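Worksheet: the structure to be examined is printed underneath.
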Amino acid sequence: MSQLPIVVPSVLNGLTTGAIYALVALGLTLIYGVLHIINFAHGSLLMLAMFGVFFLHKLAGLDPYLALLVVPPACFVAGYALQRGVIARASHGKDHNILLVTLGIAIAIENVAIYFWRSDTRTLDLSYAFDTVNLGVALVALPRVVAFAGALVVAGGLWLFMARTDLGRAIRAVAKERQGARVVGIDVEHVFAMSFAIGTACVGVAACLLMPTFYVTPQVGHSFVLIAFTVVVLGGMGSFPGALAGGLIIGVTESLCGLFLGESLGQIGIFAIFIAILLLRPSGLLGHRA
Amino acid sequence: MRTLAGIALFGLVMLPLPALLASQVWLNFLVMTLFFALLGIAWNVVGGYGGQFSFGHAAFFGTGAYCAAVLQAQLGLAAWLGFALAPVAGGAVAGVVGFLSFRYGLRGSYFALVTLAFAEVLRILANSAGFTGGGSGLLIKLAPGAANLQFADRSGFYYLVLALVIAGLLLSLWIERSRFGSYLVAVRENEDAARALGVDAFAIKLRAIVLSGAIAGVAGAVYAQMFLYVDPGLAFGPTMSVEALLVPIVGGMGTVFGPVLGSLALHLLSEAGRSVLGQAPGLNLALYGVLLVIMVLFLPDGLVGLLRRVRRRFLRGRADA
Chain A
1 MSQLPIVVPS VLNGLTTGAI YALVALGLTL IYGVLHIINF AHGSLLMLAM FGVFFLHKLA
61 GLDPYLALLV VPPACFVAGY ALQRGVIARA SHGKDHNILL VTLGIAIAIE NVAIYFWRSD
121 TRTLDLSYAF DTVNLGVALV ALPRVVAFAG ALVVAGGLWL FMARTDLGRA IRAVAKERQG
181 ARVVGIDVEH VFAMSFAIGT ACVGVAACLL MPTFYVTPQV GHSFVLIAFT VVVLGGMGSF
241 PGALAGGLII GVTESLCGLF LGESLGQIGI FAIFIAILLL RPSGLLGHRA
Chain B
291 MRTLAGIALF GLVMLPLPAL LASQVWLNFL VMTLFFALLG IAWNVVGGYG GQFSFGHAAF
351 FGTGAYCAAV LQAQLGLAAW LGFALAPVAG GAVAGVVGFL SFRYGLRGSY FALVTLAFAE
411 VLRILANSAG FTGGGSGLLI KLAPGAANLQ FADRSGFYYL VLALVIAGLL LSLWIERSRF
471 GSYLVAVREN EDAARALGVD AFAIKLRAIV LSGAIAGVAG AVYAQMFLYV DPGLAFGPTM
531 SVEALLVPIV GGMGTVFGPV LGSLALHLLS EAGRSVLGQA PGLNLALYGV LLVIMVLFLP
591 DGLVGLLRRV RRRFLRGRAD A
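Those protein sequence lines, which keep their order, are chains A and B.
All residue numbers for the first sequence refer to my numbering, where the first residue is 1 and numbers rise by one.
All residue numbers for the second sequence refer to my numbering, where the first residue is 291 and numbers rise by one.
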């Protein structure tokens, strides 16, 4: 127990990182739950949103937290257009076509970003980036606490939206029974695009909450997308509470593996969980058996 | 018979090319085109004929590459031994991945994800293990000579890769004609129906992925011999996984000539892109991404499908006249 002074801050840091993972995963799980596709472009959309936040600050002087008013709505529109304009057209009735199209979009976005912005690492200089909050047991960076709270608020809001609004009910109906939803007059194509748009907006929120403490490179999506997949698989594809719990578990696991195994082998812990869950319980901890 | 004649014709056309081509640049282009055709043939076995979309063929490719590199650079063994063991190693890794994922019934997106994850795990392991040289990679000692599978002249590699591609084409033809291939296509089209008719889907898919992994392993060994250098990003990174699946998708999945056509089209396009837009990082792959989207949007059957459609229209036109 002599290690407690290092372990506790490590766990707290893991929880705050995990909240961001949960936020990215919430979007992914919403898209999966409704469209039954794995959106490989999710990570590159996150990267684009992060660059958006970065340039809004650099060029227009907009604070990352104020960018919450701009970036998520922009992501929403982009997501809607992407689903209606490209992905829906490409399916030809087969799910594996969608898998390939989102992969193609991811590759294209990421490499155009490399072309324009090179692989340089960019960070924001903010006056409050190194402010800390004393939580009694440890000091935690203020932006991390904000990110944690923000992720919880978004997850709660999303849950309320799905439970209480007409669109939320329509999304759940389409997720459960596509044909039935169509029969009762739900515009299924619109619901698909709205789910994709909301999922992408989640990524926009994550980008705003991340940028005060994180860096952005064209490849930054990679590190998030596989982790987000892990979180989604761990929590159960399409499950919101699962994504939240999964995000926090993965955040803490990564932080502890990094502490005890070192940086480079630390990632192995995540992939080990990922492969084990995929093999042993593909429906996830909180998911339903299909 | 027609396809067999096609393969023979392909061999006859390709064989004298190094003597006819004055420029090393074009010879190099052909070597790389054939190399990626080989990688595409590997993916095509399990992805095209079997319908199991692997997003992590780099796992098998990289294992083959490291097998050749480690045996030579670390253990000082002969090049041909590494070359002979590469398909065994690639097939073994594919066997483990296939056994685990098919045993637990992973299909579609789940299978794609788990293969992606296995490639990442191998990349991280190669990055941190000692015998792989870690992040700085492994250099194979330069010792030109056919015995070391190193050729001072590019045409040596050309004949080596050409022979492997022709062998791969013959193998694809065999798959199309054999009972194994029919079972494999049946599993692709409707796994539940195939099982209901008594096809052992698990065994068929496992055999397909091992075969695919073995060919990818050979491709990896060729790569190691050609560049005499392997590092974790090159061997297990996502670029090779993407190339492996893009080549047959562009050319035509589940067809004998699809990977060759796809590789040729892809690399002609990327050369054209390079000469028009200039050499810039990212541009090439961005083009591939756009191409993948366009292919799925407009030509889901690939170039082979397009050719078939054109021929059918042509034949119908003649019948009408």
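No residue lacks a Cβ here, since even glycine has one placed at the ideal position from N, Cα and C.
If you're wondering where the values come from, they're calculated on a predicted model, not measured in any experiment.
Could you tell me if residue i is buried or exposed, where buried requires 16 or more neighbouring beta carbons within 10 angstroms of its beta carbon?
i        : result
A:His92  : exposed
B:Ser502 : buried
B:Ala576 : buried
B:Met530 : buried
A:Val153 : exposed
B:Ser399 : buried
A:Phe260 : exposed
A:Gln267 : buried
B:Tyr356 : buried
B:Arg393 : exposed
A:Ser255 : buried
B:Asp521 : buried
B:Val303 : exposed
B:Arg413 : buried
A:Lys176 : exposed
B:Met291 : exposed
B:Ile494 : buried
A:Arg289 : Bear in mind that the predicted position of A:Arg289 carries a pLDDT of just 46, short of 50, making it unreliable; the figure below should be weighed with that in mind. Answer is exposed; the Cβ neighbour count stays below 16.
B:Ala436 : exposed
A:Pro5   : exposed
B:Glu533 : buried
B:Ala483 : exposed
A:Thr253 : buried
A:Ile277 : buried
A:Gly85  : exposed
A:Thr230 : buried
B:Arg599 : exposed
Going along chain C in order, which residues have a C-beta closer than 9 Å to the C-beta of residue i?
i        : result
A:Phe271 : Absent here is chain C; the protein component of the structure consists of chains A and B.
Residue i versus chain A: which residues are under 7 Å apart at the beta carbon?
i        : result
B:Pro590 : His92 and Asn97
B:Tyr578 : Ile107
B:Val404 : Ile275 and Leu278
B:Tyr339 : Those do not exist, as B:Tyr339 stays about 14 Å from chain A at its closest Cβ, beyond 7 Å.
B:Phe343 : His96 and Leu99
B:Leu390 : Leu279
B:Leu575 : Ile107 and Asn111
B:Val532 : Ile107
With DSSP as the reference, please indicate the residues paired to residue i in a beta bridge.
i        : result
A:Arg122 : A:Val216
A:Ala173 : A:Ala173 is not bridged to any residue.
B:Gly651 : Given a span of 291 to 611 for chain B in the structure shown, any question on residue 651 of chain B remains unanswerable.
A:Ala141 : A:Thr132
B:Tyr519 : B:Leu429
Check the Cβ of residue i against every Cβ in chain B and list those closer than 7 Å, keeping chain order.
i        : result
A:Arg89  : Leu587
A:Gln219 : Correct list: empty, because the minimum Cβ distance to chain B is about 10 Å.
A:Gln83  : None at all; the shortest Cβ gap to chain B is about 13 Å.
A:Phe229 : Leu403
Starting from the beta carbon of residue i, find every residue of chain A whose beta carbon is closer than 8 Å, and list them in chain order.
i        : result
B:Ile539 : Leu100
B:Val583 : Val86, Ala90, Val101, Gly104, Ile105 and Ala108
B:Tyr394 : Leu278, Leu279, Leu280 and Pro282
Listing by chain order, which chain A residues have their CB less than 9 Å from the CB of residue i?
i        : result
B:Pro571 : Asn111, Ile114, Tyr115, Arg118 and Ser119
B:Leu559 : None at all; the shortest Cβ gap to chain A is about 14 Å.
Please indicate yes or no: does the CB of residue i lie closer than 6 Å to some heavy atom of the ligand ADP?
i        : result
B:Pro528 : The ligand ADP is not part of the structure shown, which contains no ligands of any sort.
Can you pull the chain B neighbours of residue i, defined as C-beta to C-beta under 8 Å?
i        : result
A:Phe224 : Here the premise fails: no neighbours, minimum Cβ distance about 13 Å.
For residue i, return the contacting residues in chain B, with the cut-off set at a CB-CB distance below 9 Å.
i        : result
A:Ile38  : Gly398, Ser399, Tyr400, Ala402 and Leu403
A:Ile268 : Val411, Ile414, Leu415 and Ser418
Would you call the region 223-230 of chain A and the region 110-121 of chain A in contact, with 3 or more CB pairs under 8 Å?
-> By the Cβ rule, the region 223-230 of chain A does not count as touching the region 110-121 of chain A, because fewer than three pairs are nearer than 8 Å.
In the region 521-579 of chain B, which residue ranges form an unbroken alpha helix (DSSP H) of at least 4 residues, counting only runs that do not cross its ends?
-> Counting only runs of at least 4 residues, the region 521-579 of chain B fully encloses the following alpha helix (DSSP H) elements, listed from N- to C-terminal order: 522-526, 528-541 and 548-567.
Which residue spans inside the region 3-87 of chain A form an unbroken beta strand (DSSP E) run of at least 3?
-> For the region 3-87 of chain A, not a single whole beta strand (DSSP E) run of length 3 or above is found.
Per the contact definition of three or more C-beta pairs closer than 8 Å, is the region 148-166 of chain A in contact with the region 200-216 of chain A?
-> The region 200-216 of chain A is in contact with the region 148-166 of chain A.
Segment contact, 8 Å Cβ cut-off, at least three pairs: the region 405-414 of chain B with the region 344-359 of chain B | Yes, since at least three Cβ pairs between the region 405-414 of chain B and the region 344-359 of chain B fall closer than 8 Å, the two stretches touch.
Is there contact here, the region 356-373 of chain B with the region 421-431 of chain B, by at least three beta-carbon pairs under 8 Å?
-> Proximity of the region 356-373 of chain B to the region 421-431 of chain B meets the contact definition, three or more beta-carbon pairs being nearer than 8 Å.
Write down every uninterrupted run of the alpha helix (DSSP H) in the region 217-258 of chain A whose length is 4 residues or greater and which is fully enclosed by it, in chain order.
-> DSSP runs (the alpha helix (DSSP H)) wholly in the region 217-258 of chain A: 220-235.
Would the region 535-545 of chain B and the region 316-335 of chain B be scored as touching if the rule is three or more Cβ pairs under 8 Å?
-> Verdict: yes, contact present.
Counting Cβ pairs, one atom from each stretch, are 3 or more of them under 8 Å apart for the region 374-390 of chain B and the region 22-29 of chain A?
-> Put simply, the region 374-390 of chain B does not touch the region 22-29 of chain A. Fewer than three CB pairs are less than 8 Å apart.
On the three-pair Cβ rule with 8 Å, is the region 506-515 of chain B touching the region 447-456 of chain B?
-> With a cut-off of 8 Å on Cβ pairs, the region 506-515 of chain B is in contact with the region 447-456 of chain B, counting three or more such pairs.
Contact between the region 436-446 of chain B and the region 312-322 of chain B (3+ Cβ pairs under 8 Å) | Yes, they touch.
Can we say the region 25-44 of chain A touches the region 95-107 of chain A, given the rule of at least three CB pairs closer than 8 Å?
-> Result yes; three or more Cβ-Cβ pairs closer than 8 Å.
Is the region 105-112 of chain A in contact with the region 237-251 of chain A, if contact means three or more CB pairs nearer than 8 Å?
-> Between the region 105-112 of chain A and the region 237-251 of chain A there are fewer than three inter-stretch CB-CB distances shorter than 8 Å, so the stretches are not counted as touching.
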